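Asks: Below: one structure in structure tokens.
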Amino acid sequence: MKLTIIGSGAMAIALADGLSSNYKIEFIARDEKKLKDISKIFNASYKILGDNDITDKNIILCVKPNALEAVCEELNGSARAVYSILAGTTLKELKSNISSRYTIRAMPNVAAAFGASATALTGDEVIKDDAIDIFSKVGESIWLNSEKELDIATAIAGSGPAYLSLVAEALMDGGVKQGLKRSDSMRFVQVLFGGFAPLIASNHPALIKDSVMSPAGTTASGYASLEEGRVRDSFMKAVESAFKVTQK
Ligand SMILES: NC(=O)c1ccc[n+]([C@@H]2O[C@H](COP(=O)([O-])OP(=O)(O)OC[C@H]3O[C@@H](n4cnc5c(N)ncnc54)[C@H](OP(=O)(O)O)[C@@H]3O)[C@@H](O)[C@H]2O)c1
Numbered sequence: 008m009k010l011t012i013i014g015s016g017a018m019a020i021a022l023a024d025g026l027s028s029n030y031k032i033e034f035i036a037r038d039e040k041k042l043k044d045i046s047k048i049f050n051a052s053y054k055i056l057g058d059n060d061i062t063d064k065n066i067i068l069c070v071k072p073n074a075l076e077a078v079c080e081e082l083n084g085s086a087r088a089v090y091s092i093l094a095g096t097t098l099k100e101l102k103s104n105i106s107s108r109y110t111i112r113a114m115p116n117v118a119a120a121f122g123a124s125a126t127a128l129t130g131d132e133v134i135k136d137d138a139i140d141i142f143s144k145v146g147e148s149i150w151l152n153s154e155k156e157l158d159i160a161t162a163i164a165g166s167g168p169a170y171l172s173l174v175a176e177a178l179m180d181g182g183v184k185q186g187l188k189r190s191d192s193m194r195f196v197q198v199l200f201g202g203f204a205p206l207i208a209s210n211h212p213a214l215i216k217d218s219v220m221s222p223a224g225t226t227a228s229g230y231a232s233l234e235e236g237r238v239r240d241s242f243m244k245a246v247e248s249a250f251k252v253t254q255k
């Protein structure tokens with residue numbers, strides 16, 4: 008199957024990274040220099056945005072939500088399928104801007120470039136299996152039954168790498184503040200995240216925490232400081248604010 012990626016930004020490239028070994032890729036975007044460069048990397052073809060025929064194509068839409076109208080004005084014909092990764096852009100808005108037999112909303116994250124995205128999906132059930140197959144090439148696909156759930160997932164999976172980056176940087180700075188060399192502190196955090204991935208994949212977080220926290224120990228003391236700083240509350244509020252943005 009050939010996939011047409013519209014856009015040439017960070018997510019277009021992250022997705023192409025995982026998809027190009029399984030699908031023939033075509034890019035459509037406005038920046039010719041960028042198009043030339045990325046097409047070489049992914050052995051893809053490209054077209055410059057402007058009066059493009061999308062008849063029967065399978066499109067992955069990767070532009071900014073505020074560019075939807077301008078971009079769709081340049082597209083003619085009716086696609087077979089549109090997989091849109093535009094945050095907060097509803098199926099209704101997509102269908103009124105771009106003609107396609109089927110429309111899917113997908114919410115991957117930047118880990119797609121490493122085949123490790125958690126991608127939320129919803130939309131036309133007829134192509135549910137196609138959608139799951141495509142996004143499984145860049146990580147794990149999770150089908151949801153409503154757009155509201157996809158918007159909530161956006162606030163966790165889409166934005167999550169930014170939230171975890173904040174945790175990583177804060178831990179790193181904490182190590183430096185206590186006297187560890189920055190390069191050592193950074194390496195400890197990098198390995199910590201790598202080691203945590205298999206742990207969280209098969210254990211409830213509360214059990215991992217309990218297994219590390221001994222009575223009156225170092226972790227118990229550090230954990231109490233996090234609670235004092237209302238870190239749990241802050242993360243829950245972060246998910247709430249991100250979700251609210253998708254509802255505007
Ligand atoms: N970044 C994430 O972690 C993430 C995760 C999930 C979903 N998303 C969604 O992915 C989409 C793309 O995000 P991104 O991070 O890849 O952004 P990005 O790196 O800024 O790329 C945006 C792309 O949209 C193009 N574009 C913007 N305005 C345009 C216009 N008026 N006409 C034609 N093309 C236009 C840009 O073209 P130029 O390069 O020529 O400016 C670029 O190719 C967004 O809708 C976002 O909601 C992002």
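For the sequence shown, the tail end lands on 255 under the working numbering, and the numbers increase by one without skipping.
All C-beta atoms, glycine included, are put in the ideal place defined by N, C-alpha and C.
All of these numbers come straight from a predicted model, not from anything done at the bench.
#1: Could you name the residues of the same chain whose beta carbon sits closer than 8 angstroms to that of Ile207, not counting the 5 residues immediately before and after it, in chain order?
#2: So Arg112 and Glu156 are supposed to be a Cβ contact under 8 angstroms. How far apart are they, rounded?
#3: Can you find the residues in the same chain that come closer than 7 angstroms, C-beta to C-beta, to Phe195, ignoring five residues on each side of it along the sequence?
#4: Assuming Ser65 and Met8 form a contact by the criterion Cβ under 8 angstroms, report the distance between their Cβ atoms to the nearest whole angstrom.
#5: DSSP three-state call for Asn83: helix, strand or coil?
#6: Where Leu93 and Phe203 are concerned, what is the direct C-alpha to C-alpha distance, given to the nearest angstrom?
#7: What's the gap between the Cα of Ala175 and the Cα of Phe121?
#8: Less than 6 angstroms separating the Cβ of Asp307 from some heavy atom of ligand 1?
#9: Pro72 and Thr110 - do their beta-carbons sit closer together than 7 angstroms?
#10: Any heavy atom of ligand 1 closer than 6 angstroms to the CB of Ala51?
Replies: With the given structure in hand:
#1: Here residue 207 corresponds to residue number 200 of the sequence shown, with the count starting at 1. Ile215, listed in sequence order.
#2: Here residue 112 refers to the residue found at position 105 when the sequence shown is read from its first residue. Here residue 156 refers to the residue found at position 149 when the sequence shown is read from its first residue. 11 angstroms between Cβ atoms; not a contact.
#3: What you label residue 195 is simply residue 188 of the sequence shown in a count that begins at 1. Counting only Cβ-Cβ distances below 7 angstroms, and skipping sequence neighbours, we find Gly182.
#4: By one-based count along the sequence shown, residue 65 stands at place 58. By one-based count along the sequence shown, residue 8 stands at place 1. With the sequence shown as reference, residue 65 is identified as Asn, and Ser is not the correct amino acid for it. Asn65 to Met8, Cβ: 6 angstroms. Contact.
#5: Translated into the one-based positions of the sequence shown, residue 83 becomes position 76. Strand.
#6: Taking the sequence shown and counting its residues from 1, one reaches residue 93 at position 86. Taking the sequence shown and counting its residues from 1, one reaches residue 203 at position 196. Approximately 30 angstroms between the Cα atoms of the pair.
#7: The count along the sequence shown starts at 1 and reaches residue 175 at position 168. The count along the sequence shown starts at 1 and reaches residue 121 at position 114. Between Ala175 and Phe121, the C-alpha separation is close to 19 angstroms.
#8: In the structure as shown, the chain begins at 8 and stops at 255. Residue 307 is therefore absent and cannot be evaluated.
#9: Residue 110 sits at position 103 when you count from the first residue of the sequence shown. Residue 72 sits at position 65 when you count from the first residue of the sequence shown. A distance of 7 angstroms or more separates the beta carbons of Thr110 and Pro72.
#10: Residue mapping note: residue 51 aligns to position 44 of the sequence shown, counting from 1. Ligand 1 never approaches Ala51 closely enough for any of its heavy atoms to be under 6 angstroms from the residue's Cβ.
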